[in-house]
Each structure stands twice: as structure tokens, then as C-alpha cells.
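*Asks:* Under this note's numbering, think of the first position of the first sequence as -14, with each following residue one higher.
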Amino acid sequence: MPELPEVEVVRAGLAPATSGSVITAVSVFDDRALTRHAAGVADFVARLEGRVFVDAMRRGKFLWLPLDDGDSALIAHLGMSGQMLLRRPDAEAERHERIRLHIEHPQHGELAVVFADQRTFGSLAVDRLVADGPSWIPTQVVHIARDPMDPFFDDAAFAQALRRRGSAVKRVLLDQQVISGVGNIYADESLWAARIHPETPASALSPRAVMRLLAEIRSVLAKALAEGGTSFDAQYVNVNGQAGYFAHSLNAYGRGGQPCPRCGTLIRREAFMNRSSHYCPQCQRRR
DNA sequence: GGGGGTTCCTGTACGC
DNA sequence: TGCGTACAGGAACCCC
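1) Use the C-beta contact count for F143: other C-beta atoms within 10 angstroms, 16 or more gives buried, fewer gives exposed.
2) Excluding sequence positions up to five away, which residues of its chain have a Cβ less than 6 Å from the Cβ of P51?
3) Alpha carbon to alpha carbon, how far is H233 from L33?
4) Does the beta-carbon distance from Q227 to C245 come in below 8 Å?
5) Do you know offhand how far C274's Cα is from S175's?
6) Label G35 either buried or exposed according to how many other C-beta atoms from any shown protein chain fall within 10 Å of its C-beta, with 16 as the threshold for buried.
7) What is the residue span of the beta strand (DSSP E) that S281 lies within?
8) CB-CB under 8 Å to E89, same chain, minus the five flanking residues each way: which ones, in chain order?
9) Where does H22 sit, in a helix, a strand or coil, going by DSSP?
10) Given this structure, state the Cα-to-Cα distance separating G166 from K155, to the nearest angstrom.
11) Which runs of the alpha helix (DSSP H), 4 residues or longer, sit entirely within the stretch 6 to 81?
12) Quick one: grab the DSSP three-state call for F257.
13) If you draw a straight line from the alpha carbon of M69 to that of K46, how long is it in whole angstroms?
14) Do the stretch 14 to 25 and the stretch 104 to 117 meet, that is, are 3 or more Cβ pairs less than 8 Å apart?
15) Just how far apart, CA to CA, sit G239 and H263?
16) Helix, strand or coil for V(-6)? Go by DSSP, reduced to three states.
17) Can you grab the Cα-Cα spacing for the pair G55 / L158, in whole Å?
18) Give the DSSP bridge partners of H90, in chain order.
19) Please list the segments of the alpha helix (DSSP H) lying wholly inside the stretch 176 to 204, counting only runs of 4 or more residues, in order along the chain.
20) To the nearest angstrom, how far is the alpha carbon of G(-2) from that of V30?
21) Do V77 and V99 have their C-beta atoms closer together than 8 Å?
22) Below 8 Å on the Cβ atoms is my contact criterion, and I expect A209 with P(-10) to pass it. Report the Cβ-Cβ distance as a whole number of Å.
23) With a threshold of 16 other CB atoms inside 10 Å of the CB of T3, please say whether the residue is buried or exposed.
24) Give the straight-line distance between the Cα atoms of R113 and Q161, rounded to the nearest whole angstrom.
25) Could you give the distance in angstroms between the alpha-carbon of R197 and the alpha-carbon of N225?
26) Taking G229 and E201 to be in contact with their CB atoms under 8 Å, please state how far apart those CB atoms are, rounded to whole angstroms.
27) Checking 8 Å against the spacing of the C-beta atoms, do R(-4) and R72 come in under that value?
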């Protein structure tokens, strides 16, 4: 499932091929892939064809490629199963291909940027850029908090936000308006590393525990990024269709019934927010 | 505005 | 073999 490390791998993979490329043609095969683009397919195509990508940016799980008009960008959210793939221009259609952008790069020549998405929770859109402090971000990303790898992430504001919330700390970690980029996998892994029970009220955490948690979030995300992200199946791959290796390094997520790598107690899996939480009942005591 | 539940979607795994 | 069902979960949306 694409969380921050997976989206960053995709961004970094796209950047060298897309930056400086002119968009020569756009094909939309399934308009459900444009749920974030309210103006529809024709408008989406018209706003892209003939434009040049100038960069590749990311905040949390949102990815965007600013355009040369200076005030808009192609944005992408991969949802559960979205993929951005770089293909030869004549490559056969992917199984769940929804949109294909034909681009031409001054050095690399013609390429296809393919947006494929099995569960159709992902979407592309062309969005307007607005100023956000020193940077420019799409309007659809304005409400998303900075992610913990962002140099402008405010540790003190994060701690304050947790103090104000009585919800389970895991629920708060998944709130992209408090901290972005963390999803179910890395929330479970970070809480395991920080020895915090996922149902602990955020406001009950000591300042020291909050800082320990934030440090573990950063550590887990950095390790996952270094290993190319987490792949369980073909759902997450980089722009070349290759899987990441971090699934081999998971300590809690997906390990229900297996021994905790730290103490040997069996990892517990519980329903939580219409999904699953994985934690060690010994290391992560409920307060 | 915080809190918590529901909804969207499709492929896979599993039980009968 | 075939059918039905549970499950995976990001984020918008809703009501309290």
C-alpha cells in the first residue's frame, strides 16, 4: 500500500524522465481515475497536452508534477493500489491501465507514463498551485500536514496536536491533517518500535513518549525508503514495475500470531478502524 | 471542530 | 469445481 516511502520511490523514479518532458498526448481509458479532476476528461486532457513538466514534488502520499505554465500541476494520489509506471511508448496496456501520458524528453526521447490502478481509489488531476510559505502546493494538498521527512515539519506543533486529541494515538497518526505520509503499515511499525499501544489516547502520551514516537516514525520511514518501500504483492512497485524489500523488515505489521522479534510474545492482530492493528501485548502495554 | 463510523473498489484467499 | 464471503485500506464524507 503506497505510504510515504513508496510514493517517494515513485517520485524519485519519475523525476529524471518527466522533468523537461513535453506532454504530446493524453489517453484516458477510465474516468474513475479522474475523480479528483471535477472538470472532466476533456478538460484534463486540454490542460496537459503541449505542456512541459518542470519538476516532481511530494507531500505525504500526494505526488505532483508542476507544469511550465507556472501555476498548475498534474497531481497523483495512488490510493490503495495505484501505480505510476514508465514504459516505452508502444508498450502493451497494463492490466488495470486507466490513463496513459505520452511524453517526449529532450535526452531520453519518447516515453509513456502509465497510471494503473486495480482498486480505483487512486486518482490523477490537474490542479492549481497556491503559495504555502516558501513553496507552492496544489489546492488539493493545502489541508495535508507536512510529512515528518519535510525539513519544515514542526515537531512542537505535532506534540501539541497530540496533546489536544483524546483519540487513540494510532488514529491520530493516520490523520493526514496532523502528520502526513503514515498509513496502516508504518503506524503499526512505529508504535511497535516506540513501545506504545495503538489504543493509547494521544493526549495521555508524555512529551518524552511523543518525541520517541516521532523519532521512530522517521527511522521506520527512512529504512523503508532505503529498501525501496514495502511490497506484499504486485500492488506496490516502482516506476519500472519492481517490488520493494521492506516487507522482510517488518516487526509487527502482518505478523499476527508470530513471535515479537523483541520479546517473543505472540503479536496480536485486532480490528481497528475497519482495518487491522498489529502490536505486541508485552512490549506495548495498554496504559 | 473533535470524534468515530461509513463508503468507495477489485482481486485474492478461504470455507463450504 | 463453484459459489459466497471476508479481507486489504486512503481519505472524503457524514452525523453526533
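Glycine residues also receive a C-beta, built at the ideal position from the N, C-alpha and C atoms.
*Replies:* Based on what the coordinates show:
1) buried
2) V39, D40 and A58
3) 39 Å
4) no
5) With the chain covering only -14 through 272, there is no way to say anything about residue 274.
6) exposed
7) Nothing about residue 281 can be read from this structure; the chain reaches only from -14 to 272.
8) S6, V7, T9, E95 and L96
9) coil
10) 13 Å
11) 26 to 33
12) strand
13) 13 Å
14) yes
15) The alpha-carbon atoms of G239 and H263 are separated by roughly 7 Å.
16) helix
17) 33 Å
18) Beta-bridge pairing links H90 to G94.
19) none
20) 23 Å
21) Checking the displayed sequence, the identity of residue 77 turns out to be Glu instead of Val. No, the Cβ-Cβ distance between E77 and V99 is not below 8 Å.
22) 4 Å
23) By the 10 Å Cβ count, T3 comes out buried.
24) Rounded to the nearest angstrom, the gap between the Cα atoms of R113 and Q161 is 20 Å.
25) 36 Å
26) In this structure, G229 and E201 do not form a Cβ contact; the two beta carbons are roughly 20 Å apart against a cut-off of 8 Å.
27) Going by C-beta atoms, R(-4) is not nearer than 8 Å to R72.
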